[in-house]
Structure formats: structure tokens, C-alpha cells
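Peer 1: Numbering (our numbering), first residue to last: 763 to 897.
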């Protein structure tokens, strides 16, 4: 999916338990109890392509949530001189996991009882850490 495409985003930004989250809901009448957590790459919520993918998951029946586990500090997509090494020091498990767990707790409070997840690049690295930090 190309960010320059003419697709209109169907999801919205909401705050879930203090975490800014892109929310793309499937059919609300389905009253699903399953949430798909979409963990972005280092470019985070600003990247339109991630939102388009979440919208596609939602159109295929999955309530999809992109929590800003990068805490409002994604890597800028248009800065070739950005210091990724300095950025990475502040985006390890200690910084990202509390935010992710807060979003999950918020979704549980909304009635979601089952969670599936997909992570892309940096987000894929986070998934095993989440697995080991939960019951």
C-alpha cells in the first residue's frame, strides 16, 4: 500500500488508557472480543502506510489497534541525518513495554479478552518481550 494512494483512512486516533492509539474497527455489530495489536516499525503512528494496513485488517473483520508504544517519539521518515543509535537507547523494553501494557489493559477494560498481534521490523522485536512479560 502506497501512502500516496487515494485511500481514505477509516480509523481514528483515540486515547486508550493514556496511550494514543490508531483504532480501526471491524463491524461494530459483531461485538468482537478479539483485538489485533499492530506494532509499527520505528516510524510509528505518523506513517500512513501502517494506518492503511490497519484499515485493511479491519475491513477483513479484525478490530485493529496501533498503540503508540514509541511514546510520541518515532524516527522521522524524512531526516537522513537522524541519529538512530541515540534514539534506540531511549526505546528499549523499559520505555516501550509499560506503554504497550497500558494499552492492553485499556482494551481489556473495554471488554476485549483475546489478543493477537503483528509487529513490523522494530515492532516485531517487541513481540517476544511482550510474551515474556505477561502471564
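Positions of the beta carbon are idealized from the N, C-alpha and C atoms, including for glycine.
Grab the span of the beta strand (DSSP E) containing residue 872 for me, first residue to last.
Peer 2: First-last for residue 872: undefined, no H or E at that position.
Peer 1: Inspect the beta-carbon positions of residue 778 and residue 831 and report whether they are closer than 8 Å.
Peer 2: No, Cβ-Cβ distance for residue 778 and residue 831 is not below 8 Å.
Peer 1: Alpha carbon to alpha carbon, how far is residue 860 from residue 769?
Peer 2: Computed Cα separation, rounded: 33 Å.
Peer 1: Take the Cβ of residue 875 as the centre, count every other Cβ of all protein chains shown within 10 Å, and call the residue buried at 16 or more, exposed below.
Peer 2: Result: exposed.
Peer 1: Give the C-beta separation of residue 829 and residue 865 to the nearest angstrom, bearing in mind that I take them to be a contact with Cβ-Cβ under 8 Å.
Peer 2: Right, the Cβ-Cβ distance comes to about 4 Å (below 8 Å), so this counts as a contact.
Peer 1: Please name the residue in 798, 784, 855, 868 whose C-alpha comes closest to that of residue 823.
Peer 2: Closest by alpha carbon: 798.
Peer 1: Are the Cβ atoms of residue 825 and residue 772 separated by less than 8 Å?
Peer 2: No, Cβ-Cβ distance for residue 825 and residue 772 is not below 8 Å.
Peer 1: So, using beta-carbon positions, are residue 802 and residue 885 closer together than 8 Å?
Peer 2: In this structure, residue 885 lies closer than 8 Å to residue 802 by Cβ.
Peer 1: Going by Cα to Cα distance, which pick from 881, 880, 882, 872 is closest to residue 793?
Peer 2: Nearest C-alpha to residue 793: 872.
Peer 1: Pop quiz: residue 898 and residue 837 are said to be a contact at Cβ under 8 Å. What is the actual Cβ separation, rounded to whole angstroms?
Peer 2: A question about residue 898 goes unanswered here, because the residues of the chain that appear run from 763 up to 897.
Peer 1: If you run the structure through DSSP and keep just helix, strand and coil, what is residue 802?
Peer 2: Residue 802 falls in the coil class under three-state DSSP.
Peer 1: Out of 849, 853, 795, 809, point me to the one whose CA is closest to residue 870's CA.
Peer 2: With distances taken between Cα atoms, residue 870 lies closest to 795.
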